[in-house]
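Visitor: Counting along the sequence shown from 1, when you hit position 224 you're at 224 in full-length UniProt numbering, and nothing is skipped either side.
Positions of the beta carbon are idealized from the N, C-alpha and C atoms, including for glycine.
These numbers come from a predicted model, not from an experiment.
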Amino acid sequence: MQETGDRNVDIFDREVKRKHRDRAALIGSLQDPLLDHVTDSLLDRLEDIKRDFPVALSLGGAGDSVRRHLRGRGNIQTLYQMDLSQAMLDRSAEALNAPIPPETLFNPTMEAPSTSNPSEPRSLDSDASEVPSTSGRPEIQYVVGDEELLPFREESLDLVVSSLGLHWVNDLPGAMIQARRALKPDGLFLAAMFGGETLKELRIACSVAELEREGGVSPRVSPLVQVRDAGNLLGRANLALPAVDVDTFTVNYPSALELVEHLRSMGEVNAVRNRRLVLPRDTALATAAAYQSMFANKDGSVPATFQVIYMAGWAPHSTQQRPRQRGSATVSLEDLAQVVEWRPEGNDPK
Numbered sequence: 001m002q003e004t005g006d007r008n009v010d011i012f013d014r015e016v017k018r019k020h021r022d023r024a025a026l027i028g029s030l031q032d033p034l035l036d037h038v039t040d041s042l043l044d045r046l047e048d049i050k051r052d053f054p055v056a057l058s059l060g061g062a063g064d065s066v067r068r069h070l071r072g073r074g075n076i077q078t079l080y081q082m083d084l085s086q087a088m089l090d091r092s093a094e095a096l097n098a099p100i101p102p103e104t105l106f107n108p109t110m111e112a113p114s115t116s117n118p119s120e121p122r123s124l125d126s127d128a129s130e131v132p133s134t135s136g137r138p139e140i141q142y143v144v145g146d147e148e149l150l151p152f153r154e155e156s157l158d159l160v161v162s163s164l165g166l167h168w169v170n171d172l173p174g175a176m177i178q179a180r181r182a183l184k185p186d187g188l189f190l191a192a193m194f195g196g197e198t199l200k201e202l203r204i205a206c207s208v209a210e211l212e213r214e215g216g217v218s219p220r221v222s223p224l225v226q227v228r229d230a231g232n233l234l235g236r237a238n239l240a241l242p243a244v245d246v247d248t249f250t251v252n253y254p255s256a257l258e259l260v261e262h263l264r265s266m267g268e269v270n271a272v273r274n275r276r277l278v279l280p281r282d283t284a285l286a287t288a289a290a291y292q293s294m295f296a297n298k299d300g301s302v303p304a305t306f307q308v309i310y311m312a313g314w315a316p317h318s319t320q321q322r323p324r325q326r327g328s329a330t331v332s333l334e335d336l337a338q339v340v341e342w343r344p345e346g347n348d349p350k
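#1: Could you give the distance in angstroms between the alpha-carbon of Glu-210 and the alpha-carbon of Ile-204?
#2: Mapping DSSP to helix, strand and coil, what is Thr-250?
#3: Is it true that the stretch 179 to 199 meets the stretch 225 to 241, where meeting means three or more beta-carbon pairs spaced less than 8 angstroms apart?
#4: Between the Cα of Ala-87 and those of Asp-32, Glu-47, Ile-27, Asn-170, spot the shortest distance and give me the residue it belongs to.
#5: Compute the beta-carbon to beta-carbon distance between Leu-157 and Ala-56, rounded to the nearest angstrom, for a pair I have assumed lies under 8 angstroms.
#6: Helix, strand or coil for Ile-11? Go by DSSP, reduced to three states.
#7: Buried or exposed for Pro-280, going by 16 or more other Cβ atoms inside 10 Å?
#8: Rounded to the nearest angstrom, how far is the Cβ of Glu-147 from that of Gly-60, given a contact under 8 angstroms?
#9: Please confirm whether Phe-249 and Phe-306 have their CB atoms less than 7 angstroms apart.
#10: Take every Cβ of the stretch 162 to 181, pair it with every Cβ of the stretch 90 to 97, and state whether three or more of those distances are shorter than 8 angstroms.
#11: For Phe-295 and Glu-201, I'd like the C-alpha separation in whole angstroms.
#12: Measuring straight from C-alpha to C-alpha, what distance separates Ala-24 and Cys-206?
#13: In terms of residues, what are the limits of the alpha helix (DSSP H) holding Glu-268?
#14: Which residue marks the beginning of the alpha helix (DSSP H) containing Pro-173, and which one marks its end?
#15: Run through the stretch 21 to 89 for me and flag every whole alpha helix (DSSP H) of 4 or more residues, listed as ranges in chain order.
#16: Quick one: grab the DSSP three-state call for Phe-306.
#17: What does Asp-186 pair with, by DSSP beta-bridge criteria?
#18: Look at Ala-315 and Leu-183 and say whether their C-beta atoms are less than 7 angstroms apart.
#19: According to the neighbour-count rule (16 or more other Cβ atoms, all chains shown, within 10 Å of its Cβ), is Asp-83 buried or exposed?
#20: Can you tell me whether Thr-319 is buried or exposed, with buried defined as 16 or more other CB within 10 angstroms of its CB?
#21: Pick out whichever of Trp-168, Ala-243, Glu-154 has its Cα sitting closest to the Cα of Lys-17.
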């Protein structure tokens, strides 16, 4: 498939983002409470849809969390788990048949996960690797690929899910158009991505510290989609019956340093092309101090805001409800006035 969005400039360095995800595969936890909370909330939408999605794609982001939280929802038979990072797929494949630890419930006082090094993951083919289905689980096929250039045929998928992956894409409209084209008619697109209010405290603290120490501000936190843009993105991708909702929550950390470590363990660190490659130590310490001074809770912990935008849309199909064309109404306002009793304001019956 060819890209179809308008790409004037590449905001994000995709190679750097791949390296971030490679590192996260080594130091992070696949069972991250924040990622699991968002993914489970996203997949809850499948509970309300009384149909099957035999072939599904998990597109970047928290792919392993998607696999674990499907739990039979959608009756998926084949799940393609696609990621920019080979190491992330290796780690997920290694965990597939490992004993499942007790699920960690998300709570607002979550601390950064531990960063112990896992054993060496087994390698996979660069294109795809299959894991046979067992115990009712879907067959998993691992695909190394880029969200900006999907390697799937048109009308080959019943469901596309992206949990916290699309906010690092340069050509977001183009990526969503490709996802819609890969869907069969009446196929479903589900996505969750961080919104513009995410990490607002960190943005402010970074700006204050850099202005004080260096006399200027550089992009330290990546730009994110605003809520008002989400519906337009679905419409631009020609996804029918669009739905958008937002969840904003706060996670408390012992300090700003633990917040940064958690972001690093998730692969959610700055990948803007024109970023400064080195943050001076005194500026970093000033950022942590500013964060603590401006936002600290009474117990000394610091809050971090996360805003998640959930999007849903369907590949067009003739059976879907559609608005009537202008001028097709069969009842005029004059006819309506004859059956609706009009009362002056303030004269409503008791």
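Guide: From the atom records:
#1: 10 angstroms
#2: strand
#3: yes
#4: Ile-27
#5: 7 angstroms
#6: coil
#7: exposed
#8: 5 angstroms
#9: yes
#10: no
#11: 7 angstroms
#12: 23 angstroms
#13: Here Glu-268 belongs to no alpha helix (DSSP H), and DSSP marks it neither H nor E.
#14: 172 to 182
#15: 33 to 43, 63 to 69
#16: strand
#17: Bridge partners of Asp-186: none, in fact.
#18: yes
#19: buried
#20: exposed
#21: Trp-168
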